[in-house]
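Numbering (our numbering), first residue to last: 1002 to 1375.
For each residue, glycine too, the CB sits at the ideal point set by N, CA and C.
Notes follow the structure.
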Ligand SMILES: Nc1ncnc2c1ncn2[C@@H]1O[C@H](COP(=O)(O)OP(=O)(O)OP(=O)(O)O)[C@@H](O)[C@H]1O
Ligand SMILES: [Mg+2]
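The structure is reproduced here in structure tokens:
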């Protein structure tokens, strides 16, 4: 990339006028210039990141190599060439096997004097918007808080009374049929107790006890628990970045997070041939502003839990992290709400990408600049 810059004087102030390529290199959105024969003529670094390939590879490809012919991008491209006017579309899905599915705002504009050449910009939902969504999830978790506290108070005591009475009855039950019924009462009250225990976590407002946690030890523990229990028939693959620094977090709560995600993955995976990929990576350069504070957070640690199940049903996606959203007969719909709360308490973000045979939940965890003192 040339670094040519010209200087020109305005009054006594000397202004630098950078080269256009430098401007485009600094531009955060992906920019792709497509020639009249659909060849890719130019990509900026953000486009290289977006398509997970370098400029030489992308610029020797056609736009049809980067996305399927029925992609909405191709329709927009055709429209711009026909009308000569710019087009902007929200929530356009860009799909390709290497990058998965990304929803972007697509802008397409004709390049003057170059007939048929179109410049595309792809604007992905920003991390700030992801954080916003995360905050919405936190709000949802908060709305459960009051109910959880009430349930813990009002339901636990009568339940233990019912259980105690059923146990007494069991001792004096005459027939095996009666004993079966009293056992049923005990089992069902235990089930309600477990649900109440799970909900109580939402009302726990104590500050998080955090320390340096080796995320690989957490994931290893989760995998062992899963493989010896609910995920016995599933093949696990681990793609770990061994050089990952420790997470600043609460070990037990992180175990809970990944146990919930792996359990969902195992429940979604096909039987036989179920597969779960657990991955970790260090991502440089992602910093985000915290709403209402001067602080900058880094979210460089990314943990992925991927399964080869049928994917998340379209209709529940917008509410996935809300409590009580479930498609399972015996599900409570509290798993992901709990995950969102804990990740939120850690100052992290959770995201998902889902398509048939490839659903991945990505947890991004922070390292605070101030280390363990914050
Ligand atoms: N990996 C996944 N693949 C497909 N669907 C998923 C996946 N993870 C979650 N879901 C969907 O999201 C819903 C909510 O998940 P969540 O963990 O909150 O509750 P649940 O699993 O239904 O119940 P519980 O966790 O209490 O057992 C699930 O019912 C399922 O429809
Ligand atoms: Mg679950």
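Beta-carbon gap between residue i and residue j smaller than 9 Å
i, j, result
"residue 1170", "residue 1183", "yes"
"residue 1258", "residue 1156", "no"
"residue 1123", "residue 1048", "yes"
"residue 1216", "residue 1266", "no"
"residue 1325", "residue 1338", "yes"
"residue 1064", "residue 1030", "no"
"residue 1053", "residue 1100", "yes"
"residue 1196", "residue 1335", "yes"
"residue 1304", "residue 1236", "no"
"residue 1376", "residue 1033", "Nothing in the structure corresponds to residue 1376, since the chain is present only between 1002 and 1375."
"residue 1091", "residue 1153", "no"
"residue 1193", "residue 1160", "yes"
"residue 1113", "residue 1087", "no"
"residue 1248", "residue 1224", "no"
"residue 1167", "residue 1203", "no"
"residue 1067", "residue 1105", "no"
"residue 1333", "residue 1199", "yes"
Buried versus exposed call for residue i [16 or more other C-beta atoms within 10 Å across all chains shown]
i, result
"residue 1253", "exposed"
"residue 997", "Only positions 1002 to 1375 of the chain appear in the structure, and residue 997 is not among them; the question remains open."
"residue 1375", "The predicted model places residue 1375 with a pLDDT of 32, which falls under 50 and marks its position as unreliable; any figure quoted below should be read in that light. So residue 1375 ends up on the exposed side."
"residue 1012", "Low per-residue confidence applies at residue 1012: pLDDT is 46, beneath 50, and the placement is therefore not dependable, though the value from the model is reported in the following sentence. When all chains shown are included, residue 1012 counts as exposed."
"residue 1118", "buried"
"residue 1372", "No answer about residue 1372 holds up, because its pLDDT of 42 lies below 50 and its placement is not dependable."
"residue 968", "Residue 968 cannot be examined here, being either before or after the span of the chain that is shown, 1002 to 1375."
"residue 1355", "buried"
"residue 1005", "Summary for residue 1005: the model assigns pLDDT 47, below 50, so the residue's position carries little reliability, and this model does not support an answer."
"residue 1021", "exposed"
"residue 1024", "exposed"
"residue 1158", "exposed"
"residue 1085", "exposed"
"residue 1349", "buried"
"residue 1279", "buried"
"residue 1108", "buried"
"residue 1102", "exposed"
"residue 1209", "exposed"
"residue 1323", "buried"
"residue 1229", "exposed"
"residue 1260", "buried"
"residue 1185", "exposed"
"residue 1227", "buried"
"residue 1270", "buried"
"residue 1381", "Here the chain comprises residues numbered 1002 to 1375, so residue 1381 is not present and cannot be evaluated."
Beta-bridge pairing of residue i - partner residues as DSSP gives them
i, result
"residue 1365", "1303, 1350"
"residue 1355", "1360"
"residue 1308", "1277, 1360"
"residue 1041", "1035"
"residue 1111", "1119"
"residue 1101", "1097"
"residue 1283", "1302"
"residue 1106", "1124"
"residue 1063", "1040"
"residue 1212", "1250"
"residue 1239", "1279"
"residue 1340", "According to DSSP, residue 1340 bridges with nothing at all."
"residue 1330", "None, per the DSSP bridge assignment."
"residue 1074", "Beta-bridge pairing links residue 1074 to no other residue."
"residue 981", "This structure gives no information on residue 981, because the portion of the chain shown stretches from 1002 to 1375."
Does the segment 1344 to 1361 come within contact of the segment 1323 to 1331, defined as at least 3 CB pairs closer than 8 Å? no
Are the segment 1296 to 1315 and the segment 1272 to 1279 touching by the rule of at least three beta carbon pairs closer than 8 Å? yes
Contact set, ligand 2 heavy atom to C-beta under 5 Å: 1265, 1336
Measuring CB atoms only, is the segment 1245 to 1252 touching the segment 1205 to 1216, in the sense that at least three cross pairs come out at less than 8 Å? yes
Taking 8 Å as the cut-off, does the segment 1055 to 1062 touch the segment 1077 to 1084 (at least 3 CB pairs, one atom from each stretch)? no
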